[in-house]
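Heads up: take any position in the sequence shown, counting from 1, add 81, and you land on the working numbering. Every residue, glycine too, gets a C-beta built ideally from N, C-alpha and C.
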Amino acid sequence: HSRKRDEVETPAPPPPLNPKETPVICREYLHKPSMTITDPLARSGPGSSDHVDIMGNHELMTDIMLIAAGRHDEVGERIGSNIRDIASYLDLTGKEDEGQLSRE
């Protein structure tokens, strides 16, 4: 069927949790703590993925530098946990209870 000339197609609204539709890479880092006496600020070492310690994780820093250098294609998705199963319980419809865990 034909459309009138003055009709304008309304674009779909942006996703509520990523309105600018920024590309996202899901990448998990294994927690590999180590003890180091020479660098007490390293806390759990260069392989730590524990909470704030992750900022000292050498693999994460390498990935950040690759992305900053425009080489983001070298940083792929890597998931080893059950985060996808957990995420399947989230309601991302944009309704009032957006982002809440489903209790059903």
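Would you be able to state if there are at least three C-beta pairs under 8 Å between the region 87–98 and the region 143–150?
no
Span separating the alpha-carbon of leucine 111 from that of isoleucine 145:
Indexing the sequence shown from 1 puts residue 111 at position 30. Indexing the sequence shown from 1 puts residue 145 at position 64. Rounded to whole angstroms, leucine 111 to isoleucine 145 spans 16 Å at the Cα level.
Return the residue from the list Pro96, Pro95, Pro97 and Ile106 that minimises the CA-CA distance to aspartate 154.
By one-based count along the sequence shown, residue 154 stands at place 73. With distances taken between Cα atoms, aspartate 154 lies closest to Ile106.
Same chain, Cβ closer than 8 Å to glycine 161, neighbours up to 5 away in sequence not counted:
Counting from one through the sequence shown, the residue named residue 161 turns up at place 80. Close CB contacts of glycine 161 within its chain, under the 8 Å cut and outside five residues either way in sequence, are with Glu109 and Leu111 (chain order).
I need the DSSP call for leucine 171, collapsed to helix, strand or coil.
Numbered from 1 along the sequence shown, position 90 holds the residue referred to as residue 171. Strand.
Taking all protein chains shown into account, decide if glycine 137 is buried (16 or more other Cβ within 10 angstroms of its Cβ) or exposed.
Position 56 of the sequence shown, counted from the start, is the residue given in the question as residue 137. Looking at its Cβ environment, which holds 16 or more other Cβ atoms inside 10 Å, glycine 137 is buried.
Tell me which residues share the same chain as arginine 184 and place their Cβ nearer than 7 Å to its Cβ, disregarding the 5 neighbours each side in the sequence.
As a working mapping, residue 184 is identified with position 103 in the sequence shown. Only weak support exists for where arginine 184 lies, its pLDDT of 49 falling under 50; the value from the coordinates is given anyway. Cβ within range, chain order: n/a, list empty.
Measuring straight from C-alpha to C-alpha, what distance separates alanine 168 and threonine 103?
Working through the sequence shown from its first residue, we reach residue 168 at position 87. Working through the sequence shown from its first residue, we reach residue 103 at position 22. C-alpha separation (whole angstroms): 19 Å.
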